[in-house]
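Chains as they are written, first to last, in my numbering: chain A, 2 to 189; chain B, 2 to 189; chain C, 2 to 189; chain D, 2 to 189. Written out below as structure tokens is the structure these notes cover.
Protein chains: 4
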Amino acid sequence: MSKHQEKREESKTLLVNTALQLFSRKGYDGTSIRAIAAEAGVSLGLMYNYFESKEALLLEIFNRGNKDIEASFAKAADVPGAEIDQLEQHILQTVHLLKEKRAFWRLLHSLRLQSNVLAQVVEETNAQTAYIEAQIRQNLEAAGIPSPDLEAKLLFATIDGIAHHYLLLEDYPIDGMAALLIQKYKSR
Amino acid sequence: MSKHQEKREESKTLLVNTALQLFSRKGYDGTSIRAIAAEAGVSLGLMYNYFESKEALLLEIFNRGNKDIEASFAKAADVPGAEIDQLEQHILQTVHLLKEKRAFWRLLHSLRLQSNVLAQVVEETNAQTAYIEAQIRQNLEAAGIPSPDLEAKLLFATIDGIAHHYLLLEDYPIDGMAALLIQKYKSR
Amino acid sequence: MSKHQEKREESKTLLVNTALQLFSRKGYDGTSIRAIAAEAGVSLGLMYNYFESKEALLLEIFNRGNKDIEASFAKAADVPGAEIDQLEQHILQTVHLLKEKRAFWRLLHSLRLQSNVLAQVVEETNAQTAYIEAQIRQNLEAAGIPSPDLEAKLLFATIDGIAHHYLLLEDYPIDGMAALLIQKYKSR
Amino acid sequence: MSKHQEKREESKTLLVNTALQLFSRKGYDGTSIRAIAAEAGVSLGLMYNYFESKEALLLEIFNRGNKDIEASFAKAADVPGAEIDQLEQHILQTVHLLKEKRAFWRLLHSLRLQSNVLAQVVEETNAQTAYIEAQIRQNLEAAGIPSPDLEAKLLFATIDGIAHHYLLLEDYPIDGMAALLIQKYKSR
DNA sequence: AATGAATGAGACTTCATTCAT
DNA sequence: TATGAATGAAGTCTCATTCAT
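Next up, the structure:
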């Protein structure tokens, strides 16, 4: 990669990260391009050298975020083990990601119900979501649990609910919650 | 009630309901006053005869919504029964409310993470939320379940997660989810 | 005058007086029809039964105010006396009117430079103004003062300046100012 | 100064001057941002790149105007001479300023009685006003004139009245007025 | 005559986006 | 590439005025 491309990549990453922080804190509509540029310490117009529009910037945030998630889960999926252990791994992995990418998850959860802003983004995230749910279902099925479909949905909803509360509240005991949830599945 | 007051109340309710539908579908920021007026079939300025601002309109939506919720749960709380039965009642009641006031819940869930628009509204809803969680904890405690605090948080997160998915997706099997959840608590 | 007409006149006067107070305090542009109606304790629409528009109401205020001024000066003009005494009378009369109709004068002075609001009103007041100045000039001329034209303009400007400061400031020593001004003309 | 800063300053000054002309002609409330932009030949939104609000633009007009006045009087104050000559200088200086900055003075006089729009602006101008009056009083006192306080107020009111009439009327003989006024003080 | 609900033009302001430098 | 001045559509809100009751 040339010096030039490196610098380009650096600026892009700076803008993406700055935008993510602001979108997460103030919301997508509540964050202006000007504010992002100011916070990043670059000029207003620079953003348009890298992104076609505000929405394209958001899209890039999601692309990178999704890539991170995928990578994280892909790594976890390679670990062999009993189905229940895989569920445990999934839960712990989710908690880990939530903590590490809190801003991204906040943004995702805050935009999930705003269909106006995000046809394309929601598509992709829904696909990922469906995939995760399918994996959970397979694990439950393999573990011989009855009505694995509803059970998968239930576990998924529970994880999502915990995530949402963690993102919403300060001092949410997410580790305790994860441990309790895992224990419930182990004790069956 | 005078003719004028009747008309007033009618217009207010029309605006509140129209705004709720649009806020729920397009988001608060994505819905303009003009759009609300057009959808309601009234003039642009009418809203300002009844509400001080767009935010005041939102506040009224929440006031009415919170009143509905309170009334619904107050009625349910009177029903005596074993603690587990009360949990069952609470879950069924929540499902009932979700179905009946889908638009309101969508709005609430979509705004929960937007700290910019909502100091006051969030306050009140959080208070209600905390109260519900406390009730769940009491029930769990009375039923002799260990670590009732985390358990309450877990049940609450699960219900919230189910609600969120119901609000997010078409054709979510919420009744099946509720039944499965109830069964889990009954079988302990 | 019929009972009906009396009541009509009463309502009109109430609106005129209320509007005068508010226009004087908050300015013409800063006072809404709604505010006038509220302050007068009548309905918003009532005003339009008596006045064609907000501007027509202002016009009526000026008509009545001008009538008062005219009457006051007409009475004073009848008093015979030396020319200097007539100047004294004029000054004292003006001070008297300023105190008695402070709100009206404030309104007049605040609108005199706003050509946008008031073609018609300014016309009439200017006519009166010219007439008063002419009278002053005649008196000065009769008293044998040189360049009576400029002198009249000067005295007029002085009186107007005193009036303006009286209307602008709290606790302006207008009586002392009048006495000093009179003394200057007497001592010539 | 950079190219950007130059352009910035140019646009700011263009807007300030255009706004001053329009405010002076049509009044502050009677002049819309759209009208200012159109008259200046720029876009509607440009103003907001330089001023926070319409009121901030007005404030800038006053800041620049006050600076001009201060500079003008500061220069005059340095000239030594008898007290009466200083009064003469003050009067001539005022006339000069009135002619040179007619629009600004018209605006000032038209806003002086509108307490609603102007807390901050009026403050500063009042301070300047008080200072000028105090200087007049000192001169009169030094010249041995009795009741210098009232005399200062009288002279100040006279100058203000002349200014007001000059600003109000076309073809006002302000030079003749100034000469006459000066002569009165010289002949004592 | 009196009421006040309803209207809609127009005001101020924001902000994503363009483009000359 | 980087800058930031400039644009103008669109948003919220105000208010004089109309009109059915």
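Ideal placement from N, C-alpha and C gives every residue a C-beta, glycine not left out.
Practice problem: Could you list the residues in the stretch 107-119 of chain B with a C-beta less than 7 Å from some C-beta on chain A, going in chain order? | Solution: Arg-107, His-110, Ser-111, Arg-113, Leu-114, Gln-115 and Asn-117
Quiz item: Taking 8 Å as the CB-CB cut-off, is B/Ala-128 touching chain A?
Solution: no
Self-check item: Neighbouring residues, chain D, relative to C/Ile-163 (Cβ below 7 Å)
Solution: Ala-158
Quiz item: Would DSSP call C/Lys-55 helix, strand or coil?
Solution: helix
Quiz item: Along the stretch 43-66 of chain A, what residues have a CB closer than 9 Å to any CB found in chain B?
Solution: none
Quiz item: Helix, strand or coil for C/Tyr-29 per DSSP?
Solution: coil
Practice problem: Select from D/Pro-149, D/Leu-181 and D/Glu-7 the residue whose C-alpha is nearest the C-alpha of D/Ile-163. | Solution: D/Leu-181
Quiz prompt | Inter-residue Cα distance where the pair is D/Leu-60 and D/Lys-154 | solution = 27 Å
Exercise. Would you tell me roughly how many angstroms separate the C-alpha atoms of B/Glu-10 and B/Lys-27, rounded to the nearest one?
Key: 25 Å
Quiz prompt | Contacts of A/Lys-13 in chain B (Cβ-Cβ under 8 Å) | solution = In chain order: nothing, as chain B lies at least about 26 Å away.
Exercise. Run the CB neighbour count on A/Glu-101, radius 10 Å, all protein chains shown included, and call it buried at 16 or more, exposed below.
Key: exposed
Practice problem: Starting from B/Pro-174, find everything on chain A with Cβ-Cβ shorter than 9 Å and list it in chain order. | Solution: Asp-150, Leu-151 and Lys-154
Exercise. Classify D/Gln-87 as helix, strand or coil using the three-state DSSP reduction.
Key: helix
Practice problem: Within 10 angstroms of the Cβ of A/Leu-58, are there 16 or more other Cβ atoms? Answer buried if so, exposed if not. | Solution: buried
Quiz item: Would a check of beta-carbon distances place B/His-166 closer than 8 Å to chain A?
Solution: yes
Quiz item: What are the start and end residues of the alpha helix (DSSP H) that includes B/Ala-180?
Solution: 175-187
Self-check item: Below-8 Å beta-carbon distance, A/Leu-93 vs any chain B residue
Solution: no
Practice problem: May I have the straight-line CA-CA distance separating A/Ala-110 from D/Leu-21, to the nearest angstrom? | Solution: The identity of residue 110 of chain A in the sequence shown is His, whereas the question assumes Ala. Straight-line Cα distance between these residues: approximately 50 Å.
Practice problem: Run down chain B in chain order and give the residues with a C-beta less than 9 Å from the C-beta of A/Leu-181. | Solution: Ser-148, Leu-151, Glu-152, Lys-154 and Leu-155
Exercise. Taking D/His-166 and C/Asp-161 to be in contact with their CB atoms under 8 Å, please state how far apart those CB atoms are, rounded to whole angstroms.
Key: 7 Å
Quiz item: Any C-beta of chain C sitting closer than 8 Å to the C-beta of D/Asp-30?
Solution: yes
Quiz item: Three or more C-beta pairs closer than 8 Å, one from the stretch 135-149 of chain B and one from the stretch 127-147 of chain A: is that the case here?
Solution: no
Quiz item: If you compare alpha carbons, which of B/His-91, B/Glu-152 and B/Lys-187 is closest to A/Met-178?
Solution: B/Glu-152
Quiz item: For D/Ala-75, is the classification buried or exposed, using 16 other Cβ atoms within 10 angstroms of its Cβ as the cut-off for buried?
Solution: exposed
Self-check item: Distance between D/Asp-172 and C/Leu-99 (C-alpha atoms, nearest Å)
Solution: 28 Å
Quiz item: Under the three-state reduction of DSSP, which class applies to B/Glu-171: helix, strand or coil?
Solution: coil
Exercise. Go through its chain and collect everything with a Cβ distance to A/Thr-32's Cβ below 6 Å, but skip five positions before and after it.
Key: Leu-23 and Phe-24
Self-check item: C/Leu-114 in three-state terms, based on DSSP
Solution: coil
Quiz item: Can you check whether the CB of B/Arg-113 is closer than 8 Å to the CB of A/Leu-16?
Solution: no
Self-check item: Span of the alpha helix (DSSP H) around D/Ala-39
Solution: 34-41
Practice problem: Compute the Euclidean distance between the alpha carbons of A/Ala-36 and B/Tyr-29, then round it to the nearest angstrom. | Solution: 21 Å
Quiz item: What in chain B is Cβ-close to A/Leu-88, meaning under 8 Å?
Solution: The premise fails here: A/Leu-88 is roughly 15 Å from chain B at the closest Cβ pair, so nothing lies under 8 Å.
Quiz item: For C/Gly-209, which residues in chain D fall below 8 Å Cβ to Cβ?
Solution: Here chain C has residues from 2 to 189 only, and residue 209 of chain C is not among them.
Quiz item: CB of C/Leu-168 to nearest heavy atom of the ligand COA: below 7 Å?
Solution: The ligand COA is absent from the structure shown, which contains no ligands of any kind.
Quiz prompt | A/Leu-169: contacting residues in chain B (beta-carbon distance under 8 Å) | solution = Arg-113 and Leu-114
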